[in-house]
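Visitor: Those letters in the sequence shown? Residues -9 to 52, per our numbering, in order.
C-beta: ideal position from N, C-alpha, C; glycine also.
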Amino acid sequence: PAEGTYLLIARVATTYYFVHFLVILPVLGYKEKTLPVPLNITEPVLGGSPNPDMVKKKELYD
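1. Is it true that the CB of alanine 0 sits closer than 8 angstroms to the CB of alanine -8?
2. Can you tell me where the alpha helix (DSSP H) holding proline 26 begins and where it ends?
3. Helix or strand or just coil, what does DSSP make of alanine 0?
Here's what the structure looks like:
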């Protein structure tokens, strides 16, 4: 049966569970800044595209 220490642990764990998902995660979403999404995969990996004619122009997205 739920009594004594087990009841206290269950209540603390339940409180943390809801605080984590309803308070902590939304606050982290506002505080953390993500890196900008690269135009394509070759830019961060190769430092540029092997065929520049195939790459979309950056000016269109800025």
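Guide: Quick answer:
1. yes
2. No alpha helix (DSSP H) contains proline 26, which DSSP labels as neither H nor E.
3. helix
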